[in-house]
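Before any comments, here is the structure.
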Amino acid sequence: MDVRLREDDGGALLIAGLVVGRRPRASFFGSYRFDGVRPSIIARLLRWRERGSRLIPWCDVVSVDDDVVTVRPGAD
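If you want it as structure tokens, here you go:
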């Protein structure tokens, strides 16, 4: 699990959502946000490693426990 932050108009950091995936205890190291050019072998490796990961908007998160993120019913 990783946290996606955003900056409000006053410069404060707010939680925008959680990036969750199938791989427990794995860190994304921010690589899912990288839009730049990288060697194709690295890009393929990161896509494979992060398959099944998704961003859950903070407004859809009901609770966060050690190993479980609960989202509101009907959330995508």
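So the sequence shown is numbered by UniProt numbering: it starts at 1 and just counts up by one.
Every residue gets a Cβ at the ideal spot worked out from N, C-alpha and C, and that includes glycine.
By DSSP's criteria, residue i is part of a beta bridge. Which residues make up the other side?
| i | result |
| --- | --- |
| Ser-63 | Thr-70 |
| Pro-57 | Gly-17 |
| Arg-51 | Answer by DSSP bridge pairing: none, since Arg-51 is not bridged. |
| Arg-4 | Gly-17 |
For residue i, which residues in the same chain have their Cβ closer than 6 Å to its Cβ, ignoring the five residues on either side in sequence?
| i | result |
| --- | --- |
| Ala-75 | Asp-60 |
| Leu-14 | Arg-6, Asp-8 |
| Gly-17 | Arg-4, Leu-55, Ile-56, Pro-57, Trp-58 |
Quick one: measure Cβ to Cβ for residue i and residue j, integer angstroms, because I've assumed they're closer than 8 Å.
| i | j | result |
| --- | --- | --- |
| Ile-20 | Ser-53 | At residue 20 the sequence reads Val, which differs from the Ile that was named. Rounded, the Cβ-Cβ distance is 7 Å, consistent with contact. |
In angstroms, rounded to a whole number, what distance separates the CA positions of residue i and residue j?
| i | j | result |
| --- | --- | --- |
| Ile-41 | Arg-51 | 15 Å |
| Pro-39 | Val-68 | 34 Å |
| Asp-66 | Met-1 | 10 Å |
| Val-64 | Ala-43 | 30 Å |
| Gly-10 | Leu-45 | 38 Å |
| Ala-12 | Trp-48 | 34 Å |
Which same chain residues end up closer than 7 Å to residue i when comparing Cβ atoms and leaving out the 5 residues on each side of it in sequence?
| i | result |
| --- | --- |
| Val-62 | Thr-70, Val-71, Arg-72 |
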